[in-house]
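*Asks:*
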Amino acid sequence: MAKGKIKVVEVGPRDGLQNESRQLSVSLRSQLVEKLVATGEQFIEAGSFVSPQWVPQMAETEKILKRVYKKQSERKISRRADISVLVPNVKGMELAIRAGAKHVAIFAACSESFSKRNINCTIEESFQRFEAIVKMARSHRIKVRGYLSTAFGCPYEGAVSKAVVMHLADRILKLGVYEVSIGDTIGVATPLQVEKLLSQLERRVSLKKVAMHFHDTRGTALANVLKSLERGVRTFDASIGGLGGCPYASGASGNLSTEDLIYMLHGMGYSTGVDLKKLIQVSRWMSSKMQKTLPSKMSQAGSVPDYI
Ligand code: HMG
Ligand code: MG
8 MAKGKIKVVE VGPRDGLQNE SRQLSVSLRS QLVEKLVATG EQFIEAGSFV
58 SPQWVPQMAE TEKILKRVYK KQSERKISRR ADISVLVPNV KGMELAIRAG
108 AKHVAIFAAC SESFSKRNIN CTIEESFQRF EAIVKMARSH RIKVRGYLST
158 AFGCPYEGAV SKAVVMHLAD RILKLGVYEV SIGDTIGVAT PLQVEKLLSQ
208 LERRVSLKKV AMHFHDTRGT ALANVLKSLE RGVRTFDASI GGLGGCPYAS
258 GASGNLSTED LIYMLHGMGY STGVDLKKLI QVSRWMSSKM QKTLPSKMSQ
308 AGSVPDYI
């Protein structure tokens, strides 16, 4: 029974790899993006223009962008995908423009301590930076996505007020992003929390412009996706293999795995455009390059049962 299309935003090459202690070469990171495109994934965050002192895993993202765009324009990749990159400030945006980015993502936190530790400024200062970035994006015809991290809990401050999340979601959308991704950065959310937040959020912003970004640190990510689907959300972020870990919980699994998400969605009758069998092969390839078993349940199970 077809239920409609779900947009899956693949964040493995950025949110996944930025949290892994093993640093991959530009060549391997580019191959990862190209392999993901070949699975039918249509929205892929390929890296970030952040400080290489802060996040060395994302250094030289410009080389990945240039390589993937070149291959797409020469049709050396059979499919096309919308490739985006994360930018924290004007300097990052300048670098992204120079590398030819057509799509960027800005990111704010819902708690002051996380904002300070993550991008070295207050939430208010981050919005001032974003205003400048959005202006630059408009004049270069670049699309801008927004993230709100720590929406369900902060590693330094604990509980985060829903009123703050609602206010910031409204504010970042008014700034001009086409979609806001609400992040459970440390994987603490439960379906009840998701239900409560979304039922309030939809009074303020259209859920058509909301994506959910769950981490599976405590095993609740898919349950949270299910609750979000029930409330009408149709866009989810996920990371190949569940790459990512969590810097605040050693040994914990990281982002929701893309193949676990897609298995559940396809089994429920939703379409994603992604070939799950190919995706599992990419996850296994990634596991060999990371030299460890990745957290994805689907890749560990290995096969996609035909009778589901
Ligand atoms: P800062 O140290 O305050 O920067 O870092 P600054 O403006 O004082 O400049 C210091 C030096 O950094 C200067 O170089 C700048 O040119 C350079 P110097 O003169 O000393 O040679 N610099 C840069 N270099 C490259 N790219 C740039 C850049 N900006 C300045 N963009 C900064 C501020 C924002 C750069 C830093 O804090 C940073 O890079 N933070 C990013 C950290 C990060 O990537 N965190 C992970 C993001 S994921 C997330 O937040 C959650 C999300 O995944 C959703 C979820 O899971 O919930 C989105
Ligand atoms: Mg994340």
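One gets the working numbering by counting positions in the sequence shown from 1 and adding 7 to each. All C-beta atoms, glycine included, are put in the ideal place defined by N, C-alpha and C.
1) Taking the alpha carbon of valine 141 as the point to measure from, which residue in Ala106, Asp177, Ser156, Val94 has its own alpha carbon closest?
2) Using the three-state DSSP reduction, which class does methionine 143 fall into: helix, strand or coil?
3) With distances taken between CB atoms, is the gap from glutamate 2 to threonine 265 smaller than 8 Å?
4) Just tell me which of Leu31, Ser213, Gln64, Arg87 has its CA closest to the CA of arginine 241.
5) Give a yes or no on whether the C-beta atoms belonging to valine 75 and serine 37 are separated by under 8 Å.
6) Out of Met305, Arg136, Ser122, Ala88, which has the shortest C-alpha to C-alpha gap to valine 97?
7) Classify arginine 105 as buried or exposed, calling it buried when 16 or more other Cβ atoms lie within 10 Å of its own Cβ.
8) Around the Cβ of serine 262, are there at least 16 other Cβ atoms within 10 angstroms (buried) or fewer (exposed)?
9) Can you pull every residue whose C-beta falls closer than 6 Å to some heavy atom of ligand 2, listed in chain order?
10) Which residues in the same chain have their Cβ closer than 8 Å to the Cβ of arginine 238, if we skip the five residues on either side of it in sequence?
11) With respect to 7 Å, is the separation between the Cβ of tyrosine 185 and the closest non-hydrogen atom of ligand 1 below this value?
12) For serine 278 versus lysine 12, is the C-beta distance shorter than 8 Å?
13) Nearest to lysine 78 by alpha carbon, out of Ser120, Asp89, Glu41?
14) On the three-pair Cβ rule with 8 Å, is the region 219–236 touching the region 192–200?
15) Pairing CB atoms from the region 119–130 with CB atoms from the region 161–180, are three or more of them under 8 Å?
16) What I want to know is whether the C-beta of tyrosine 154 ends up closer than 7 Å to one or more non-hydrogen atoms of ligand 1.
17) Does the pairing of the region 56–72 with the region 274–292 give three or more beta-carbon distances under 8 Å?
18) With respect to the beta strand (DSSP E) encompassing histidine 110, which residues constitute its N-terminal and C-terminal limits?
19) Just tell me which of Lys296, Leu268, Ala139, Ala144 has its CA closest to the CA of methionine 219.
20) Quick check: is any heavy atom of ligand 1 less than 7 Å from the C-beta of isoleucine 315?
21) Could you compute how far the alpha carbon of glutamate 138 sits from the alpha carbon of phenylalanine 114?
*Replies:* So, from the data block:
1) Taking the sequence shown and counting its residues from 1, one reaches residue 141 at position 134. Checked all of Ala106, Asp177, Ser156, Val94; the closest Cα to valine 141 is Val94.
2) Start at 1 with the first residue of the sequence shown, and residue 143 comes out as number 136. Looking at methionine 143 - three-state DSSP - the assignment turns out to be helix.
3) As shown, the chain starts at 8 and ends at 315. That puts residue 2 outside it, with no answer to give.
4) Locating residue 241 in the sequence shown gives position 234, counting from the first residue. Minimum Cα distance to arginine 241 is reached at Ser213.
5) What you label residue 75 is simply residue 68 of the sequence shown in a count that begins at 1. What you label residue 37 is simply residue 30 of the sequence shown in a count that begins at 1. In this structure, serine 37 lies closer than 8 Å to valine 75 by Cβ.
6) By one-based count along the sequence shown, residue 97 stands at place 90. Taking only the C-alpha atoms, the option nearest valine 97 is Arg136.
7) Here residue 105 refers to the residue found at position 98 of the sequence shown. By the 10 Å Cβ count, arginine 105 comes out exposed.
8) Taking the first residue of the sequence shown as 1, we reach residue 262 at position 255. The sequence given here places asparagine at residue 262; serine does not occur at that position. Answer is buried; the Cβ neighbour count reaches 16.
9) Asp22, Gly190, Thr192, His220, His222, Asn262
10) One-based indexing of the sequence shown puts residue 238 at position 231. Answer for arginine 238: Val201, Glu202, Leu205, Ser206, Glu209, Leu214, listed in chain order.
11) What you label residue 185 is simply residue 178 of the sequence shown in a count that begins at 1. No.
12) As a working mapping, residue 278 is identified with position 271 in the sequence shown. As a working mapping, residue 12 is identified with position 5 in the sequence shown. A contact, by the Cβ cut-off of 8 Å.
13) For the purposes of this step, residue 78 is taken as residue 71 along the sequence shown, with counting starting at 1. Ranking the options by Cα distance to lysine 78, first place goes to Glu41.
14) yes
15) yes
16) The residue you call residue 154 lines up with position 147 of the sequence shown. Correct: tyrosine 154 has its Cβ closer than 7 Å to ligand 1.
17) no
18) By 1-based counting over the sequence shown, the position of residue 110 is 103. Per DSSP, histidine 110 belongs to the beta strand (DSSP E) from 110–116.
19) Position 212 of the sequence shown, counted from the first residue, corresponds to residue 219. Measuring from the Cα of methionine 219, the nearest candidate turns out to be Leu268.
20) What you label residue 315 is simply residue 308 of the sequence shown in a count that begins at 1. The answer is no for isoleucine 315.
21) Against the sequence shown, residue 138 aligns to sequence position 131. Against the sequence shown, residue 114 aligns to sequence position 107. Their backbone Cα atoms lie some 12 Å apart in a straight line.
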